[in-house]
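Let me begin by presenting the structure, written as structure tokens, before commenting on it.
In our numbering, the protein residues as written are 135 to 348.
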């Protein structure tokens, strides 16, 4: 017993200042919330990230770091790395539908009761359009998007033939209709604010005397 007390007494005693107490308490209080919402929030952000600025904003936030590492392994990792994170038998379509904003031969999107659902495979989708006939006989016609492009009711800026447009094959509903993009001003503000906070944390950690001024 006395030997244990003597061994404990050899440890140096460090008095924590108010800033250390505040950061420790804040981290303790936020840990359950980050654990609860971090994974789902990170996956949703990754599935809607389409620009470099989105990646910069995500890199400036410490939320979901482990989830992002696991997501990268699921998308482009080797079989041994996927087995290390418990995803050895996962197919590419599962990770793509959960983490990527794109659609492909193995992943598609459908409207489902007012929302958008990502499904596996390549479902048969009918894109109906109605347009007005302006030349000659007046009236309206109903057809597919391909018919509207061939009848010149709709125009496209691509040099590809209307029947070969990729938009006619697998539409991306989330990026085209589901996500309402905000003004770029707010994304720039978020990136600048995150950079300022990260710089302040960096200087306060490596320059302890600056804690009194921050």
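Ideal placement from N, C-alpha and C gives every residue a C-beta, glycine not left out.
The residue among 282, 235, 316, 244 with its C-alpha nearest the C-alpha of residue 262 is 282. Taking the CA atoms as reference points, residue 182 sits about 18 Å from residue 319. As a beta-bridge residue in DSSP terms, residue 263 pairs with 277. Between the alpha carbons of residue 195 and residue 256 lies a gap of roughly 36 Å. Pairing residue 224 with residue 216 gives a Cβ-Cβ distance under 9 Å. Contact check for residue 201 against residue 176 passes: the beta carbons are separated by less than 9 Å.
Secondary structure of residue 243 (DSSP, three-state): strand.
Counted as a single uninterrupted DSSP element, the stretch harbouring residue 329 is not any beta strand (DSSP E) but the alpha helix (DSSP H) occupying residues 318-340.
Ranked by Cα distance from residue 275, the first of 284, 246, 264 is 264. Pairing residue 199 with residue 285, the inter-Cα distance amounts to about 50 Å. Contact annotation: residue 309 and residue 235 have beta-carbon atoms nearer than 9 Å.
In the DSSP assignment, no residue is bridged to residue 256. With respect to the 9 Å criterion, residue 328 and residue 191 are classified as neighbours on the basis of their beta carbons. Each residue's CA atom was taken as its position, placing residue 230 and residue 330 some 33 Å apart.
Straight across, the Cα-Cα distance linking residue 322 with residue 267 is about 44 Å.
In this structure, residue 233 sits near residue 209, with a CB-CB distance shorter than 9 Å.
Here residue 203 is exposed, its C-beta having fewer than 16 other C-beta atoms within 10 Å.
In its chain, beyond the 5 residues on either side, 237 have a beta carbon closer than 6 Å to the beta carbon of residue 306. Rounded to the nearest angstrom, the Cβ distance from residue 244 to residue 253 is 6 Å, consistent with a contact under 8 Å.
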